[in-house]
Structure formats: C-alpha cells, structure tokens
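Right, one structure below, let's go through it.
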Amino acid sequence: MDSGNVAWMLTASALVLLMTPGLAFFYGGLTRAKNVINTIMYSFISMCVVSIVWVFGVIACIWYR
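Each residue of the sequence shown is one higher than the one before, starting from 2 at the first, in the working numbering.
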C-alpha cells in the first residue's frame, strides 16, 4: 500500500467523522423541539457504530493481507 493513499484515506475518514456532529445539529434544527435530542442522539449513535465497524474493517484488511 502506498503511504500517500493511506494518508488520504485516514484524512478523509477523519473529516467525515468530524462532519457528523454538524449534520446532527442540522437535522436537529429541522425537527420539532421535543424531538431534537432524539434526532441528535441517532446521529451520534450511528457515528459510534460506523467508527467501530470501520476499525474492525481496517483490522480485517491488515490481518488478511
């Protein structure tokens, strides 16, 4: 694997991960006041799940290389 490709993938993944809280607040602004916390929590839970799956995917790629 080329180090430039790896650096780009890590940078892009970090930027998408940092984009998720902003998207959560955007979605929270589109809902009614009583559903804001629920909508934001859905976004943060999905961010956690995707982060865990991403880590296991990287480990699997390294392990089976």
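Ideal Cβ placement from N, Cα and C applies to all residues, glycine included.
Exercise for the section: With a cut-off of 8 angstroms on the beta carbons, I'd call Thr21 and Met48 a contact; round off their distance for me. Expected result: Taking the sequence shown and counting its residues from 1, the one referred to as residue 21 is at position 20. Taking the sequence shown and counting its residues from 1, the one referred to as residue 48 is at position 47. Indeed they touch by this definition, with Cβ atoms about 4 angstroms apart.
Exercise for the section: Go ahead and pull the three-state DSSP assignment for Tyr28. Expected result: For this step, residue 28 is matched to residue 27 along the sequence shown. Tyr28: helix per DSSP, three-state reduction.
Exercise for the section: Report the three-state DSSP secondary structure of Tyr43 (helix, strand or coil). Expected result: For the purposes of this step, residue 43 is taken as the residue at position 42 of the sequence shown. Helix.
Problem - Cβ pair Ala15, Ser44 closer than 8 angstroms - result: Here residue 15 is taken as the residue at index 14 of the sequence shown, counted from 1. Here residue 44 is taken as the residue at index 43 of the sequence shown, counted from 1. No. Outside cutoff.
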